[in-house]
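The next block holds one structure in the form of structure tokens; read it before the comments.
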Amino acid sequence: MFSKRFEKETFKQTVKDNIRTLYRKTIEEATPQQLFQAVSYAVKDVIFDDWFATQKAYDEADAKTVYYMSMEFLMGRALGNNLINMTVYKDVKEALDEMGIDLNVIEDQEPDAALGNGGLGRLAACFLDSLATLNYPAYGCGIRYRYGMFKQKIENGYQKEVPDDWLREGNPFELRREEYAKEVRFGGNIRFEKDPATGKDIFIQENYESVLAIPYDMPIVGYGNHVVNTLRVWDAKAITDFKLDEFDRGNYHKAVEQENLAKLIVDVLYPNDNHYSGKELRLKQQYFFISASLQALIAKYKKKHDDVRKLYEKVVIQMNDTHPTVAVPELMRLLIDQEGLNWEEAWDVTTKTCAYTNHTIMAEALEKWPIDLFSRLLPRIYQIVQEIDRRFLIKVREMYPGNEHKVKKMAILMDGQVRMANMAIIAGFSVNGVARLHTDILKTQQLRDFYEMMPEKFNNKTNGITQRRFLAHGNPLLADWITDKIGDGWITDLSQIAKLKPYVEDETARREFMEIKYKNKVRLAKYIKEHNGIDVDPRSIFDVQVKRLHEYKRQFLNILHIMYLYNQIKEHPEMSFYPRTFIFGAKAAAGYLRAKETIKLINSVAEVVNNDRSINGKLKVVFIEDYRVSNAELIFAAADVSEQISTASKEASGTGNMKFMLNGAPTLGTMDGANVEIVQEVGAENAFIFGLSSEEVINYENNGGYNPQDIYFNDWELKRVVDQLMDGTYSHGDHNMYKNLYNSLLNTQSTDKADMYFILKDFRSYADAQKRVEEAYRDQQRWSRMAMMQTACCGKFSSDRTIEEYVADIWHLEKVEVPSGQEE
Ligand code: RUG
């Protein structure tokens, strides 16, 4: 037992007391939401004791801390995960059962904390879980968006975005810390003076607007070790609360502006994944949370240390993509303008403190701010960026005399833009990619010039996921079964899951494994029935593609193939065909038209196929509305097939692929991102690989693409499918509904290259791989071996392993033991 407070009777009493004090009700009268709050408060009390104990232990150890700077933390729900990590989930479930309360129902009351878009934000959340579990001092630093990732409704097959009012009922797991508020300034002009006493240059920002950043701390509970780290997300408020006397003094407009600015900054998460939108407000968000976080970390450091020149001994900053890279000039500014360091000293500190992770090679995701916007919004920061750039280019010219081509490619400021990735690479002491293939592509293609100039900075850190959320919590049946077979060591050391390998040859074990999969499919089928009103057969193959909707991820390829299968079944009703349920879940960025059209297409195909009685339910298509962390947990547990079908070279890593693997679903995919490493771990015979290789794709791209018409006119079955986009089959006779998608393949009107993502090129190879899936599934003995091998071989893909690599190669942290914060 973790703590006396979780002894059954004590815990039950606390919940009752909470219901009474919070709502003046009895348990019987309380709503599920009120019960969720009451249970959460009971849990929170214990967490908070450990939280303070952790901070004390870190303080005493004077431990080096990593600050993980990220615009996104896709946390999902906290209650269930906290109970798992406190190792009291079952005790609490039992206690609540006795009170007639179903913990699952209570958990369902909690809104997901969806402060992120997809893989990048979820990775940050997994990292926090691993850091706490591995006893490493860490802060996550981000923004407390008033509205997180939008909620997706499907109306008439179209995506509709609904604001995510996640804070409406209050967040029991957060702590407002007004006492650590920081001021952040925007705009105005910089006046330059010489300090008469020291002769040093002073830069004074005038006529600026400012906001107050208020931190909210959320506890990050480690697994079974009393460690509670902190995710600090910043809220904004106007510096001077709106007062009437401002009006009297004629400052009405200024007061209103500051109020509005504060509200706007933290209002909403930009819903773009892998895409840069160049909005002024987005740059404000970035600078806002970075400046506040850096001010806070310097203040914290100075409580114990008087020489900021040694900041890097106690602090390391990891920049999650380019979004937080304004940290580089902001740290320089704070060190020079506030702490009085000279340029060389400040540069020494900054370049020993900041490290950068690259998450994409997609050109459209690279942040390049227009100089006029950047310099207007951040005038002092811009001066510093100019100086960083000037000094760097001197070095480039020294190393490559006369090579102005290099200068052009590597400069931070070029063609009227501030290139954030270049700045991050120049200032960071480490630059890492997120899977082996991705890092190799960075070194040889995208970032080749930088790699040649500073190879020592480049390294790979293959992503990982937390088995605590995606197995222990998401798939309790499998988790218990595994623990029964090999003990519970896998929960904190996933490499131990390899001990399952001998069971792959044990027929009883395989049968049990498949029975669990079946039960999880029944659980998902129930969810689908409740949410979509569609009946799906849990005995059919659950073939799943869940991830953000993006052209490079090729949901379009998947649905075209389903259209092709449907044609086949209609034409050859006698053909043997193993029943399939194709499951999709995906949000599209609000302004991404082709992505939204793809959602409509999936839903239209679903409507036609699901209602065609003549195919005897052989094919079902389901689009799960509002795909998010909480329903993802159900989906991974129930999947038979994991669709990872991005155009090779485009998916930096992928992490969903690892969650499917953990839950026993073989990969149907391209040799892209971390799929490559998954195949290496599980063996090529246990995966279904198809399509162009990354070299082939890059080769085509470097030589002007390929001609999809050659394929279209030579493959009549595929041509028929493509033509069905335009002939009204899936659009109640409307010939225009899918014309953008059609054009994207054949470029009859589009300005882009034809079939940029090689959908037609890879189609046949994909269809073949799908055939192989079917054959394999028919042989249940073979399939059960394959499925179990996935789980048994996924040890490498724990975020615990990833974090240990970051610690060993980049962060150099020490583990800190934390005593219980509870009186036992
Ligand atoms: O697209 C990538 C995924 O491949 C990767 O697994 C994930 C975590 O590293 O990051 C995703 N990503 C990249 N999300 N946004 C970007 C570019 O800003």
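Counting in the numbering used here, the sequence shown runs from 25 upward without gaps. From the three backbone atoms N, C-alpha and C, an ideal C-beta is built for every residue, glycine too. Given the structure is predicted, the values throughout are model-derived calculations rather than measurements.
- In this structure, the straight-line span from the alpha carbon of Lys28 to that of Ala205 is close to 35 Å.
- The three-state secondary structure of Ile436, taken from DSSP, is coil.
- With respect to the 9 Å criterion, Arg535 and Cys150 are not classified as neighbours on the basis of their beta carbons.
- Straight across, the Cα-Cα distance linking Thr622 with Gln579 is about 7 Å.
- In this structure, Asp739 keeps its C-beta atom at 9 Å or more from the C-beta atom of Phe660.
- If you draw a straight line from the Cα of Ser317 to the Cα of Met810, it comes to about 47 Å.
- DSSP places Thr374 in the uninterrupted alpha helix (DSSP H) bounded by Trp367 to Thr377.
- Exclusion of the five residues before and after Asn544 leaves Ala661 and Ala662 as the residues of its chain whose Cβ lies within less than 6 Å of its Cβ.
- By the neighbour-count criterion, in which 16 or more other beta carbons inside 10 Å mark a residue as buried, Ser808 falls on the buried side.
- The DSSP assignment places 653-662, 680-686 and 699-706 as complete runs of the alpha helix (DSSP H) inside the stretch 629-716, in order along the chain (cut-off: 4 residues).
- Counting C-beta atoms within 10 angstroms of its own C-beta, Met599 has fewer than 16 neighbours from the protein chains shown and is therefore classed as exposed.
- In this structure the stretch 125-133 does not touch the stretch 216-230; the number of beta carbon pairs closer than 8 Å is below three.
- In this structure, Phe712 lies near Thr691, with their beta-carbon atoms less than 9 Å apart.
- Under the three-state reduction of DSSP output, Trp258 falls in the strand class.
- Only residues of its own chain outside the window of five on either side were considered, and among them Phe151, Ser154, Leu155, Leu158, Tyr160 and Gly488 have a CB closer than 8 Å to the CB of Ile827, listed in chain order.
- When DSSP reads this structure, Pro243 sits in a beta bridge with Thr254.
- Here Gln668 is actually not in contact with Phe608; their C-beta atoms are around 14 Å apart, not less than 8 Å.
- Per DSSP, Asp792 lies in no beta strand (DSSP E); the unbroken alpha helix (DSSP H) holding it starts and ends at Ile783 to Arg802.
- Bridge partners of Trp190 according to DSSP: none are assigned.
- Residue pairing by DSSP places Thr89 opposite Val339 in a beta bridge.
- With a cutoff of 8 Å, Asn634 does not count as near the ligand RUG, since its C-beta is closer than that to no heavy atom of the ligand.
- Taking the Cα positions, Arg618 is about 52 Å away from Lys80.
- Check the Cα spacing between Met123 and each of Ile167, Gly194 and Ile51: the tightest is with Ile51.
- Gly728 and Ile408 have their C-alpha atoms some 39 Å from each other.
- Spatial neighbours of Phe312 in its own chain (CB-CB distance under 8 Å, excluding positions within 5 residues in sequence) are listed in chain order as Ile167, Val208, Val235, Ala237, Trp258, Ala260, Ile289 and Val290.
- In this structure, Arg256 lies near Cys165, with their beta-carbon atoms less than 9 Å apart.
- The beta carbon of Ala137 sits closer than 6 Å to those of Met99, all from its chain and outside the five residues before and after it, given in chain order.
- Under DSSP, Phe76 takes part in no beta bridge, so it has no partner.
- Residue state for Gln441 is assigned as strand, using DSSP reduced to three classes.
- Here the distance from the Cβ of Thr384 to the nearest heavy atom of the ligand RUG is below 8 Å.
- Put simply, the stretch 748-756 touches the stretch 627-647. At least three CB pairs are less than 8 Å apart.
- Excluding residues up to 5 positions away in sequence, Asp136 and Ala138 lie with their Cβ nearer than 7 Å to the Cβ of Arg652 in the same chain.
- With contact defined as three or more Cβ pairs closer than 8 Å, the stretch 84-99 and the stretch 342-354 are in contact.
- Residue ranges of uninterrupted alpha helix (DSSP H) with 4 or more members, entirely inside the stretch 456-533 and ordered along the chain, are 460-465, 472-477 and 500-510.
- By the Cβ-count criterion, Val546 is exposed, with fewer than 16 other Cβ atoms from all chains shown falling within 10 Å of its own Cβ.
- Met780 sits away from Gly688, with the two beta carbons spaced by 9 Å or more.
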